[in-house]
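A.B. asks: The opening residue of the sequence shown carries number 18 in the numbering used here; numbering runs sequentially from there.
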Amino acid sequence: MNSDQRTYEFTPRLPLLASVLVAGGLLALLGTTMTGVTLPAISGEFGVTVASGQAVTTAYLLVSAISIPVGGWASVRFGLRRTWLVSLSLFLVGAAGSALAPSLGWLVVARAVQGAGGALEPVMLSALAQAAGRDRVGRMMGVVSAVMAIGPLAGPFLGGALVATSGWRSSFWVVLGAGVLVLLASFVVVRGREPGTGRLDLVGLLLLSVGLVGVLHGITVRFLPTLVVGVLVLAVFVWWSLRRRSSAIVDVSVFRQRGFTAPVVVMALVGAAVYPVFFAVPQYFQDVAGLSALTAGLLLIPYGVGTLVVMPIAGALADRMDPRALVISGALLAAAGFGILLIGGPGLPVVVFVVVDLVVGLGLGAVASPTVTAMYRSLPAESAPTAGTILFVMNQLGGAIGVAVLVLVIGSAGWTTTVAAMPFWMPLVVAVAIALVATRFRGGRPLPAEVD
């Protein structure tokens, strides 16, 4: 038996297990992609600006980034089954609180509670990567990523349709109802082993939390002292983690592994490119172009179609070739798409926007699966859980910083012509950066499959 398979602690009924786990991860992604479309309605009901309403998104991403390493520790200490069930339960409690929110402050807190369930996706990926084994991880990541692509495909449309027919609160009720079904299935399908040992690194968690909050607060409100303090606290966190090593909340010593840093940086850049698009583009179409929430959501569907088509192909190819070529090609294709959107500006015909949006989806869809494959392939099996934790923290953090920068500009200047182009030129720069960083991926082909 493959050694990777021996570390797998779930039921051997992999297809059924994968269906339940991916459904839970998909709910978390739907909750994110629907929010961008519903924000104008949320801001209108509570009588606040869109810039103020963005706290709904930032709170979720920030708390999610903080909770992911806690989930990584908990999956070792209490087992992946318990961690999955608790994370999913927190996510659903937050969804209920969001649906019932009487004020913006309440909604922000409820979304933060949802973010506390942010360990869903890394737990899902770590479990399925271990189950697939090193020689098949690319195919597994490709299939999982393709299913997860339904989030960008269906989220904006579903959010727009629900806002148009039932109001923004219904988007949270739908997520809650589906989540309850996934939770019930998880009790039956997901199994675990005996919990391990180890104490939670509270000092490291506090340093990480304060540092991230300081950085995002400093960017959002343009307050340099907070930003500087946040950076300094994060530096102390890195020192603390190196000192604690394996007992740290996040063992940053894994960055010493050859071939690890570049994929993590790429995934942070992917977050910085994707999340701002889902935040700003639907709002621009509604607030500036005067389109309905449903139409604004429909215009983002081609992106989801592109990712859905290319992700399983890219994942399968990553098992047979150097992932660098796939990532660089995809990033440059996405950059070309963003360039066309930038040049065309707000007056770009809808048909052209739809086609280019599809191209961008094809490009970015070819980045994620090969990047994750390159990371797992470059690491020993025992480093996989820590690596997955860091990967998701950086992706969420990149998204939170990207949204914070957009909000800073929109809040300061409003929807001017220059600001209206920002959702395109900022991802353009990021896509080029992804291509450059991907040149630093560790090369090589996968190991030959082992025969059981």
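For glycine and all other residues, C-beta sits at the position ideal for the given N, C-alpha and C.
For clarity, every value in this text was computed on a predicted model and none was experimentally measured.
#1: Excluding five sequence neighbours on each side, which residues of the same chain lie with their C-beta closer than 6 Å to the C-beta of residue 351?
#2: Excluding the 5 residues preceding and the 5 following residue 387 in the sequence, name in chain order all residues of the same chain whose CB lies nearer than 6 Å to its CB.
#3: What are the boundary residues of the alpha helix (DSSP H) that includes residue 324?
#4: Going by DSSP, what residue range makes up the alpha helix (DSSP H) through residue 300?
#5: Look at the alpha carbon of residue 134 and the alpha carbon of residue 329, and state the distance between them as a whole number of angstroms.
#6: What residues in its chain sit with their C-beta under 7 Å from that of residue 128, if we drop five residues either side in the sequence?
#7: Residue 321 to residue 260, Cα distance in whole Å?
#8: Is the CB-CB distance between residue 326 and residue 173 below 9 Å?
#9: Along the chain, where does the alpha helix (DSSP H) that runs through residue 274 open and close?
#10: Quick check on the DSSP output: the alpha helix (DSSP H) that includes residue 377 runs from which residue to which?
#11: How many Å lie between residue 175 and residue 45 at the Cα?
#12: My guess is that residue 419 and residue 292 are in contact by the Cβ rule of under 8 Å, so how many angstroms apart are they, rounded?
#13: Please return the same chain residues whose Cβ sits closer than 8 Å to the Cβ of residue 241, not counting the five positions on each side in sequence.
#14: Specify the secondary structure class of residue 61 as computed by DSSP and reduced to three states.
#15: Note down, one range per segment and in chain order, each alpha helix (DSSP H) of at least 4 residues found wholly within the segment 37–100.
#16: If you compare alpha carbons, which of 295, 91, 246, 119 is closest to residue 219?
#17: Helix or strand or just coil, what does DSSP make of residue 135?
#18: Tell me which residue opens and which closes the alpha helix (DSSP H) that residue 356 is part of.
#19: Counting C-beta neighbours from all protein chains within 10 Å, is the total for residue 471 16 or more, i.e. buried, or is it exposed?
#20: Less than 7 Å between C-beta atoms, sequence neighbours within five positions excluded: which residues of the same chain meet that for residue 43?
#21: Considering just the uninterrupted stretch of the alpha helix (DSSP H) at residue 400, what are its terminal residues?
#22: Assign residue 240 to one of three DSSP states: helix, strand, or coil.
#23: Starting from the C-beta of residue 367, find all residues in its chain whose C-beta is less than 8 Å away, skip the five residues before and the five after it, and write them out in chain order.
#24: Would DSSP call residue 119 helix, strand or coil?
#25: Would residue 114 count as contacting chain C if we go by Cβ distances under 9 Å?
#26: Counting along the chain, where does the alpha helix (DSSP H) carrying residue 186 start and finish?
#27: Only counting the same chain, and skipping five residues up and downstream in sequence, which positions put a Cβ closer than 8 Å to that of residue 285?
#28: Between 451, 145, 253, 121, which lies nearest to residue 349 when the distance is taken from Cα to Cα?
#29: Can you check which of these residues, 50, 37, 33, is closest to residue 299 by C-alpha distance?
#30: Measure the CB-CB distance between residue 199 and residue 96 and report whether it falls below 9 Å.
#31: Can you tell me whether residue 32 is buried or exposed? The criterion is at least 16 other CB atoms within 10 Å of its CB, across all chains shown.
#32: Could you pull the start and end residues of the alpha helix (DSSP H) that residue 174 belongs to?
#33: Going by Cα to Cα distance, which pick from 355, 178, 226 is closest to residue 446?
#34: Pick from 186, 143, 249, 141: whose alpha carbon is nearest that of residue 120?
#35: Which term fits residue 265, buried or exposed, when burial requires 16 or more other beta carbons within 10 angstroms of its beta carbon?
#36: Ends of the alpha helix (DSSP H) at residue 311?
C.D. replies: Once the coordinates are examined:
#1: Against the sequence shown, residue 351 aligns to sequence position 334. Cβ neighbours of residue 351 beyond the five flanking positions: 377, 380, 381, 448.
#2: The sequence position of residue 387 within the sequence shown is 370, counting from 1. 331, 335, 340, 343, 344.
#3: As a first step, residue 324 must be located in the sequence shown, where it is residue number 307. Its alpha helix (DSSP H) spans residues 318–335.
#4: Reading the sequence shown from its first residue, position 283 is the one you call residue 300. First-last of the alpha helix (DSSP H) with residue 300: 278–304.
#5: Residue numbering aside, residue 134 sits at position 117 when the sequence shown is read from its first letter. Residue numbering aside, residue 329 sits at position 312 when the sequence shown is read from its first letter. Straight-line Cα distance between these residues: approximately 27 Å.
#6: Counting from 1 along the sequence shown, the entry for residue 128 is found at position 111. Once the five neighbours on either side are set aside, the close Cβ partners of residue 128 are 73, 76, 77, 111, 115.
#7: Translated into the one-based positions of the sequence shown, residue 321 becomes position 304. Translated into the one-based positions of the sequence shown, residue 260 becomes position 243. Distance between the alpha carbons of residue 321 and residue 260: 43 Å.
#8: One-based indexing of the sequence shown puts residue 326 at position 309. One-based indexing of the sequence shown puts residue 173 at position 156. Contact flag unset, no.
#9: Sequence index remark: in the sequence shown, residue 274 carries index 257 (1-based). Premise fails: residue 274 is in no alpha helix (DSSP H) and is neither H nor E.
#10: Your numbering for residue 377 matches position 360 in the sequence shown. Segment 367–394, the alpha helix (DSSP H) holding residue 377.
#11: Here residue 175 refers to the residue found at position 158 when the sequence shown is read from its first residue. Here residue 45 refers to the residue found at position 28 when the sequence shown is read from its first residue. Straight-line Cα distance between these residues: approximately 14 Å.
#12: Along the sequence shown, read from residue 1 onward, the residue named residue 419 stands at position 402. Along the sequence shown, read from residue 1 onward, the residue named residue 292 stands at position 275. Correct: roughly 5 Å between the Cβ atoms.
#13: Here residue 241 refers to the residue found at position 224 of the sequence shown. Result list for residue 241: 235, in chain order.
#14: Reading the sequence shown from its first residue, position 44 is the one you call residue 61. Three-state result, residue 61: helix.
#15: 67–70, 72–94
#16: Taking the first residue of the sequence shown as position 1, residue 219 is located at position 202. Nearest of 295, 91, 246, 119 to residue 219, Cα basis: 91.
#17: Here residue 135 refers to the residue found at position 118 of the sequence shown. Residue 135 falls in the coil class under three-state DSSP.
#18: Taking the sequence shown and counting its residues from 1, one reaches residue 356 at position 339. Where residue 356 is concerned, the enclosing alpha helix (DSSP H) stretches over 340–361.
#19: Nothing can be reported for residue 471: it is not among the residues displayed for the chain, which extend from 18 to 469.
#20: Taking the first residue of the sequence shown as 1, we reach residue 43 at position 26. So the list reads 164, 165, 167, 168, once near-sequence residues are dropped.
#21: Indexing the sequence shown from 1 puts residue 400 at position 383. Neither: residue 400 is in no alpha helix (DSSP H) and is coded neither H nor E.
#22: Within the sequence shown, the letter at position 223 stands for residue 240. Residue state, collapsed to three classes: coil.
#23: Counting from one through the sequence shown, the residue named residue 367 turns up at place 350. Within the same chain, residue 367 has close Cβ partners 316.
#24: Indexing the sequence shown from 1 puts residue 119 at position 102. Residue 119: coil per DSSP, three-state reduction.
#25: The question asks about chain C, but that chain is absent: this structure has only one protein chain.
#26: Here residue 186 refers to the residue found at position 169 when the sequence shown is read from its first residue. Here the alpha helix (DSSP H) through residue 186 covers 186–206.
#27: As a first step, residue 285 must be located in the sequence shown, where it is residue number 268. Excluding sequence neighbours, residue 285 sits near 411, 412, 414, 415.
#28: Stepping through the sequence shown from its first residue, residue 349 is reached at position 332. Comparing Cα-Cα distances from residue 349 to each of 451, 145, 253, 121, the minimum goes to 451.
#29: As a working mapping, residue 299 is identified with position 282 in the sequence shown. Cα-wise, what sits closest to residue 299 is 50.
#30: What you label residue 199 is simply residue 182 of the sequence shown in a count that begins at 1. What you label residue 96 is simply residue 79 of the sequence shown in a count that begins at 1. Cβ distance not < 9 Å, so residue 199 and residue 96 don't count as in contact.
#31: Numbered from its first residue, the sequence shown carries residue 32 at position 15. By the 10 Å Cβ count, residue 32 comes out exposed.
#32: Here the question's residue 174 lines up with position 157 in the sequence shown. That run of the alpha helix (DSSP H) goes 167–183.
#33: In the sequence shown, the residue the question calls residue 446 occupies position 429. The shortest Cα separation from residue 446 among 355, 178, 226 belongs to 355.
#34: By one-based count along the sequence shown, residue 120 stands at place 103. The option with the nearest alpha carbon to residue 120 is 186.
#35: Looking up residue 265 in the sequence shown gives position 248. Flag for residue 265 reads buried.
#36: Residue 311 sits at position 294 when you count from the first residue of the sequence shown. Here the alpha helix (DSSP H) through residue 311 covers 310–315.
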